[in-house]
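For the sequence shown, numbering that gives the first Met the number 0 begins at 0 and goes up steadily by one. Glycine included, every Cβ here is placed at the ideal spot set by N, Cα and C. For clarity, every value in this text was computed on a predicted model and none was experimentally measured. Heads up, the thing below is written out as structure tokens.
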Amino acid sequence: MKKRVWKMAAVLVAVCMLVSGCKGKAEKEKSQLPMEEMTFSFITIGKGDAFLLEIPHEGYYMFDTGKKEDWDQIKAVFQKKSVRELKGLFISHGHKDHAGNVEKIMHEFPVEAVYISGKDTVSYKKIDICAMAEKAGTAVEKMNGGEVLSLGNAQLSVWIPKSEDKRNENNNSMIIRIVYGNTAILITGDMEKEEEAQYLAENVKIRADILKLGHHGETDATSVTLLERVKPEYGLITGNEEENPDSVNPEIAARLMAYKIEPVYSEGNQLAIDFISDGISIRTEKLEKDS
């Protein structure tokens with residue numbers, strides 16, 4: 000009788016393990032099913048940041064707006080993609096190569112809300128971003144860090160330094176991480192080593208497939224520690240060798256090569272480079288100009 004009980008118990012344990020194992024596998028496979036494609040566009044404007052995100056059934060979001068002289072290129076991207084409005088406009092900080100076209104965009108396209116750091120008291124004031132938004136009838140959302148926003152099937156998290164760096168405005172950049180299925184994108188503004196050290200010390204998820212290198216790929220950002228933690232497949236560098244031969248730093252290029260990270264520069268004749276994800280894998284396409 001005891002043997003029969005032990006045998007029955009062993010069978011039950013085996014069945015439980017099998018069911019548990021199958022359930023785990025099914026859940027894992029379910030999480031890896033392809034989703035409708037999301038597109039993250041790296042707009043080709045040389046030394047300046049401008050990114051457009053298209054989320055299926057949700058709409059378009061913009062991250063930084065480049066320099067004023069980049070407007071024609073940005074507008075051409077909007078026209079090519081039939082952008083009629085923006086659900087959100089995120090500005091990492093108020094420098095002219097990141098926020099140069101805020102007013103233009105809000106004047107020519109409806110924008111639901113502009114998102115800025117609530118802890119940067121200097122750089123946004125220089126361009127009077129709040130007055131621009133008020134004139135355009137656009138809401139201003141001041142982020143304090145730690146916010147998580149649902150953008151359709153994507154999730155966006157915000158990180159901001161706890162204290163403002165009044166000596167170096169680059170280190171007040173608002174950091175954005177976007178997750179879509181198993182794909183993650185990390186946008187770092189002009190983050191330099193001081194802000195980077197704070198970010199790495201925080202208990203936040205930072206792994207990403209696509210990393211926008213801090214401060215245009217200069218050596219005052221993008222440490223080995225950051226690359227080891229983020230583990231990106233692509234490193235986006237908002238610099239253009241033709242525009243500025245020093246913008247493509249050989250030390251950073253070598254660092255990316257050592258970690259088998261594909262560098263992508265803001266140069267070439269295309270309007271943008273599109274990173275297209277189904278939540279599992281990423282492919283790239285050039286968004287060409289109309290002939």
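Exclusion of the five residues before and after Glu35 leaves Pro55 as the residues of its chain whose Cβ lies within less than 7 angstroms of its Cβ. Residue state for Glu168 is assigned as helix, using DSSP reduced to three classes.
Tyr264 counts as buried, since no fewer than 16 other beta carbons sit within 10 angstroms of its beta carbon. According to the DSSP assignment, Met256 belongs to no beta strand (DSSP E) but to the alpha helix (DSSP H) extending over 249–257. Under the 10 Å beta carbon count, Ala220 is surrounded by 16 or more other beta carbons and is classified as buried.
Per DSSP, reduced to three states, the secondary structure at Ile209 is strand. DSSP lists Leu210, Pro262 as the beta-bridge partner residues of Gly234.
Going by beta carbons, Asp273 and Tyr233 fall outside the 8 angstroms limit. Taking C-beta atoms as the reference points, Glu201 and Trp158 count as a pair closer than 8 angstroms.
For the options Asn143, Arg206, Ile184, Leu235, the alpha carbon positioned closest to that of His214 is the one of Leu235. Under the 8 angstroms Cβ criterion, the stretch 114–132 counts as touching the stretch 149–168, having at least three qualifying pairs. Taking C-beta separations shorter than 6 angstroms and ignoring five residues to either side along the sequence, the partners of Glu146 in its chain run Val157, following chain order.
Taking 8 angstroms as the cut-off, the Cβ atoms of Thr43 and Gln72 count as close.
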